[in-house]
Amino acid sequence: KQSGFQWWQARIWFNLQMFDLLRIDHFRGFVATWEVPAGDETAENGQWVNAPGKELFWSLKNAFGELPFIAEDLGDITPDVIELRETFGFPGMKILQFAFGGGAENGYLPHNYEKNFAAYTGNHDNNTTVGWFDSASKHEKKFCQKYLACKRKDINWNFIRAIWQSVADTAIVPLQDVLGLGKEARMNFPSSSLGNWQWRFEKEQLTKEISEKLRELTEIYGRGKNQ
């Protein structure tokens, strides 16, 4: 803040040279952050301190104009985090894999979405959709199949259809889910330093059949670039 957020401005400028859209991870940290004494070996003696989120985003907005950000607002989110996100009009995130542990009021179910959100089947921290279903609880599987009116077969395509047809402005699906791959293709294991970011697809996996299926859903639900 004392430097006019020069580090942040440089980082955002650099990323905007490479990407059309940026996901701001751990968005709640721009409202309050867990401060730990520098000499401590654990975070047990930390405390919540306010963060200058509004000042930061106003400085970025003044520097770059409209900010093409998605706010990662997952987890235990307080009203002040929602207020910050809405002040700047950043879309939040909806993860369909989180939708089936409760009932109809669950905010991750597509019928509860609002327009200014980015909907995902799952993201890099999740299992693949096939992997998720295979390891889900009995309740989650039963509710999922009732909600989507489907069986395990093609569960990945039913997930894609559900977020494609939702009102969320943006819908994102990992390639592993397009390909219908299981847990062996998982990208990342949070809190683990082993086995992450190693999955790669083979060109032969990108078949015409899969391409046509994705194109068809995209056209049906009006998510084509020119629609």
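Position 108, counted from 1, in the sequence shown is what the numbering used here calls 186; the numbers after and before it change by one each time, with no gaps.
C-beta atoms are modelled at their ideal positions from N, C-alpha and C, and glycine is treated no differently.
Short Cβ contact (8 Å threshold) for residue i with residue j
| i | j | result |
| --- | --- | --- |
| Ala196 | Ile250 | yes |
| Ala141 | Phe105 | no |
| Ala263 | Thr207 | no |
| Ile102 | Phe147 | yes |
| Trp242 | Tyr299 | yes |
| Ser269 | Tyr191 | no |
| Gly143 | Phe108 | no |
| Asp203 | Asn274 | no |
| Gly124 | Trp112 | yes |
| Cys307 | Phe211 | Nothing about residue 307 can be read from this structure; the chain reaches only from 79 to 305. |
Paired residues, beta bridge with residue i - DSSP
| i | result |
| --- | --- |
| Met171 | Ala196 |
| Trp112 | Trp126 |
| Thr165 | Per DSSP, none; premise fails for Thr165. |
| Leu102 | The sequence given here places Ile at residue 102; Leu does not occur at that position. The partner list for Ile102 (beta bridge, DSSP) reads Ala149. |
Helix, strand or coil at residue i [DSSP, three-state]
| i | result |
| --- | --- |
| Leu43 | No answer is possible for residue 43: it lies beyond the span of the chain, which begins at 79 and ends at 305. |
| Leu94 | helix |
| Lys281 | helix |
| Ile160 | helix |
| Lys291 | helix |
| Gln306 | The structure shown does not extend to residue 306, since the chain is modelled only from 79 through 305, so no value can be given for it. |
| Glu119 | coil |
| Ala88 | helix |
| Ile155 | coil |
Given residue i as reference, the closest of the options once Cα atoms are compared
| i | options | result |
| --- | --- | --- |
| Asp154 | Ala110, Ala129, Lys193, Phe168 | Ala110 |
| Leu253 | Gly200, Lys229, Arg301 | Gly200 |
| Gln283 | Leu259, Arg293, Leu272 | Leu259 |
| Leu257 | Phe168, Thr120, Arg278 | Arg278 |
| Asn194 | Glu164, Trp91, Arg89, Ser271 | Glu164 |
| Leu99 | Glu280, Gly302, Thr248, Glu290 | Thr248 |
| Gly180 | Tyr198, Lys219, Leu94 | Lys219 |
Unbroken alpha helix (DSSP H) runs of length 4 or more, entirely within the stretch 200–279: which are they? You should have 207–213, 216–226, 233–242, 253–256.
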